[in-house]
Amino acid sequence: MTAIPLSQLTTLRVGAAPERMVDAHTREELVAALWDVWADGGEWMVLGGGSNLLVGDDPFPGTVVRILTRGVEIAGGAREGFVRVRVEAGQNWDELVAWSVSQGLAGIEAMSGIPGTAGAAPIQNVGAYGQEIVQTLVEVDLVDERTGEVSAVPAGDLGLGPRTSVLKRHGGGAPEREAVVLSLTLELERVGTGERPLHDARLRTAIGLPDGAEISLAGIRDRVLAIRASKGMVLDGPDPDTHSAGSFFQNPILPESVARTLPDDCPRWAVEPDLDPVVVIPLESYDGALPPVVSSRVDVKVPAAWLIEHAGVSKGFRLPHSRAGVSTKHALALTNRGGATGGEVAELARFIQSRVAAEFGIVLQPEPVLVGVEL
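Numbering (full-length UniProt numbering), first residue to last: 1 to 375.
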């Protein structure tokens, strides 16, 4: 097939046409395409919704495999009161969320409006308003580049962390495990479509629900979509604030000692410490008692958007003569204001990194995958 410019397939609307492009509409086509690419030994990348990607302006020197598989089916093995759902990698994520809400299945409703495909969810460990895919993910079906084998991999083997996994390409680097997601299985709670108490304090605060109030899954979805739309985080063709990769920088997780050096008005949230470290006790000294578990340090998460704005980069900021700019609605989104190149987006990202580093001594890490571009 004739390769389509990546500027037409990514939400940042940047990127030239690759040397070669292959569309895969079924799992069998996807596996076969990947086997062919790997046998050739050239460069390759897969493309889903293109919503978490910053591509450079030179043509990608290899093959882009477009994952266009779709489908949702009920799987067996769920706990009582839960339902397991198997989702093909190319399934639109927000359509999946809408379906789960209509079925009265809870667990991903707070992630309404996130663009992209389901297959990207475990790679990025997507999350919003207190929900993350790690909370509901059971396993993924992967095809491994090294062996070509297809296997079911438990969620616990994916190294899921804050917006990361062993499958993610950090910046332009290689992932710990070179494999492609074919499908994922989620376990969602069967709660029905009626109103019920919302116990998650973070989500309750985010959507403006008072203590003790009840709300349905559809109500949560509607409120989340409204919040995201107000920040330009729901795709809307005529609105350049939505021509972005979503949140461009990760919220830094810092040692508490470092967080204390930030201004008092900087918001922060404690990150739960590791309460299950490995403790090695020599057999000859073991007396049957275990020492108390003591966390070595407490980490704190701070909002990257606050750091950006307080480093002097305000909403709507643009470098001179650049067609890339910070969203007018959200300081964490870098946007294509019309005709911007990947280089212009990268230049803006580097400028923001330098300002935050100079003001606070913190180097912001990009959230999107970088292809053919460096920060």
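Virtual Cβ for every residue (Gly too), placed ideally from N, Cα, C.
> LEU68 bridges to which residues according to DSSP?
Replying inline: None, per the DSSP bridge assignment.
>> Quick test of your reading: ALA98 and VAL85, contact by CB under 8 Å. State the CB separation rounded to the nearest angstrom.
In response: In fact, because the Cβ distance is near 13 Å, the residues do not count as touching under 8 Å.
> Who are the near neighbours of GLY113 in its chain, counting only those whose CB is closer than 7 Å to its CB and skipping five residues on each side?
Replying inline: The residues ASP94, VAL224, LEU225, ARG228, MET233 and VAL234, in chain order, have a CB closer than 7 Å to that of GLY113 in the same chain once the five nearest residues on each side in sequence are set aside.
> How many Å lie between ILE215 and ARG350 at the Cα?
Replying inline: Rounded to the nearest whole angstrom, the C-alpha separation of ILE215 and ARG350 is 42 Å.
> Going by the CB atoms, is the gap between ALA89 and GLY119 shorter than 8 Å?
Replying inline: Between GLY119 and ALA89, the CB-CB gap stays under 8 Å.
> Ordered along the chain, which non-local residues of its own chain (more than five positions away) have a Cβ less than 6 Å from that of PRO252?
Replying inline: VAL302 and ILE362
>> Using a 10 Å radius around the Cβ and a threshold of 16 neighbouring Cβ atoms, would you call PRO320 buried or exposed?
In response: exposed
> Which value, in whole angstroms, describes the spacing of the CA atoms of ASP274 and LEU160?
Replying inline: Bear in mind that the predicted position of ASP274 carries a pLDDT of just 49, short of 50, making it too unreliable to give a figure here.
> Candidates ASP222, LEU182, ASP141 and SER244: which alpha carbon is nearest GLY339's?
Replying inline: SER244
>> By DSSP's criteria, ASN92 is part of a beta bridge. Which residues make up the other side?
In response: ASN92 pairs with THR117.
>> Please report the straight-line C-alpha distance between GLY81 and GLY194, rounded to a whole angstrom.
In response: If you take the alpha carbons of GLY81 and GLY194, they lie about 16 Å apart.
>> For the pair the stretch 47-57 and the stretch 24-31, tell me if three or more CB-CB distances fall below 8 Å.
In response: no
> Where DSSP assigns a beta bridge to THR10, which residues make up the other side?
Replying inline: Partner(s): none; THR10 has no beta bridge.
>> Restricting to Cα atoms, I'd like to know which of GLU347, ALA304, PHE317 and LEU53 is closest to GLU359.
In response: ALA304
> Would a C-beta distance cut-off of 8 Å place GLN91 and THR117 closer than the cut-off?
Replying inline: For the 8 Å CB-CB criterion, GLN91 and THR117 form a contact.
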